[in-house]
Amino acid sequence: MSTKDSHFTVHRDGVAIQVSRGGRGRPLVLCPGLLTTQADLRELIELLRRDHDVMTFDLRGHGLSSSADRYTFEAFLGDFGAVMAELEDHAPLLVGHSLGADLAVHYAAGHPDAVSGLVLIDGANPVPEPFLTEADLPGFRAMAEGLRHEFERVAGTERQVLLTPQDFLDLNIEIEAVRSGILDRYRKIDRPIHLIMSTSMAGNSDDDQARWRNENWRAGVERLVRERPHLTTSRLDADHRLVVTHAREISRLIREATF
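Numbering (this note's numbering), first residue to last: 106 to 364.
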């Protein structure tokens with residue numbers, strides 16, 4: 106199957122979600138992560154379109170999609186379902202990065218016959234210890250406030266992010282809670298799953314916190330593999346922005362994966 110490039114809008118919950126589709130081959134739905142837009146993923150999208158009919162979109166409050174009253178996990182998941190409905194009877198391969206990986210797992214758990222497999226990139230990780238504790242909140246809140254300048258820098262462009270720093274903080278706290286129960290979601294999925302994980306999710310700093318976060322991330326992957334021994338994994342020498350910095354390696358791994 107091949108499709109010409111197309112762009113359209115999906116309306117849900119008062120939000121206009123901007124969707125693009127193009128390429129040839131089996132269907133694939135690519136879900137970006139938090140603070141990531143279609144524009145950021147342009148290289149990966151073009152590479153994937155060589156082998157797949159790729160549909161992707163901007164999350165609410167991101168890129169060319171409109172702002173929203175709510176930026177909650179359930180709101181993003183509902184938007185993801187609305188985009189999936191545009192594929193009609195096809196069972197696509199789901200590819201998600203970060204938050205997008207969590208959305209893909211939750212969607213597949215609720216619609217096990219609607220997907221052919223999942224590729225999860227640096228997300229949906231059942232880490233044994235939470236990343237955000239009460240003691241971490243002041244520092245994380247300061248980091249969220251530090252994003253304000255970046256949000257302002259890209260305002261009005263296809264890379265804009267309309268969330269406030271408080272939205273970002275609240276959503277990350279919610280994602281922590283969601284991931285604490287994500288193993289139960291994995292148990293409901295009987296489709297092939299391939300993980301592509303970074304070696305330095307929290308960056309390459311030598312400080313104790315970054316080192317601990319990277320170890321915790323690695324331990325979550327090991328925990329998941331013990332739970333789901335038929336799941337396959339790849340690791341890239343990269344940080345959490347690997348979908349941007351390592352697009353060629355990721356497209357190759359997706360192409361070579363068996364589903």
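Here a beta-carbon is modelled for each residue, glycine too, at the ideal position from N, C-alpha and C.
Predicted, not measured: the structure shown is a model, and the values here were computed from it.
Ranking Leu252, Thr141, Val134 by CA distance to the CA of Glu191 puts Val134 first.
Cβ neighbours of Asp145 within its own chain (closer than 7 angstroms, five residues either side excluded): Arg264, Val349. Excluding sequence positions up to five before and after Ala315, its CB lies within less than 7 angstroms of the CB of Ala307, Gly308, all in the same chain and listed in chain order. With contacts defined by Cβ atoms closer than 9 angstroms, Arg129 and Arg155 form a contacting pair. The distance from the Cβ of Ala121 to that of Ser171 is about 4 angstroms, consistent with a contact at the 8 angstroms cut-off.
Residue environment for Phe185: buried (at least 16 other C-beta atoms within 10 angstroms of its C-beta). For the pair Arg353 and Ile359, the Cα-to-Cα distance works out to about 10 angstroms.
In the three-state reduction of the DSSP assignment, Gly325 falls in the helix class, which pools H, G and I. Scanning its chain for C-beta atoms nearer than 7 angstroms, with the 5 sequence neighbours on each side dropped, one finds around Asn319 the residues Ser305, Met306, Ala307, in chain order.
Under a 10 Å Cβ-count criterion, Arg292 is classified as exposed, with fewer than 16 other Cβ atoms of the shown protein chains found around its own Cβ.
Between Ile280 and Phe178, the C-beta spacing is below 9 angstroms. Membership of Ser339 in the beta strand (DSSP E) is indicated by the continuous run 337-341. The Cβ atoms of Ala206 and Gly138 lie closer than 9 angstroms to each other. Excluding five sequence positions before and after Asp110, the CB atoms of its chain that fall closer than 8 angstroms to its own CB belong to Ser125, Arg126, Gly127, given in chain order. With a cutoff of 9 angstroms on beta-carbon distance, Val224 and Val115 are scored as not near each other. Here DSSP, grouped into helix, strand and coil, assigns Ser285 to helix. Selection Phe236, Arg258, Leu242, Asp275 evaluated against Ala324 yields Phe236 as nearest (Cα-Cα). Taking 9 angstroms as the cut-off, the beta carbon of Arg296 is found closer than this to the beta carbon of Ala213. Listed as beta-bridge partners of Leu223 by DSSP are Leu199, Ile298.
Across the set Met302, Arg290, Arg253, the C-alpha of Met302 shows the shortest separation from the C-alpha of Thr338.
Judged by their CB atoms, His299 and Asp227 are not nearer to each other than the 9 angstroms cut-off. The Cβ atoms of Leu267 and His167 sit closer than 9 angstroms to each other. The three-state secondary structure of Phe113, taken from DSSP, is strand.
DSSP, reduced to helix, strand and coil, places His211 within a helical segment of the structure shown. Beta-carbon to beta-carbon, Gly222 and Leu204 are separated by about 19 angstroms, too far to satisfy the 8 angstroms threshold. Beyond the five residues adjoining it in sequence on each side, Pro270 comes within less than 6 angstroms, by CB distance, of Ala249, Glu250, Leu252, Arg253 in the same chain, given in chain order.
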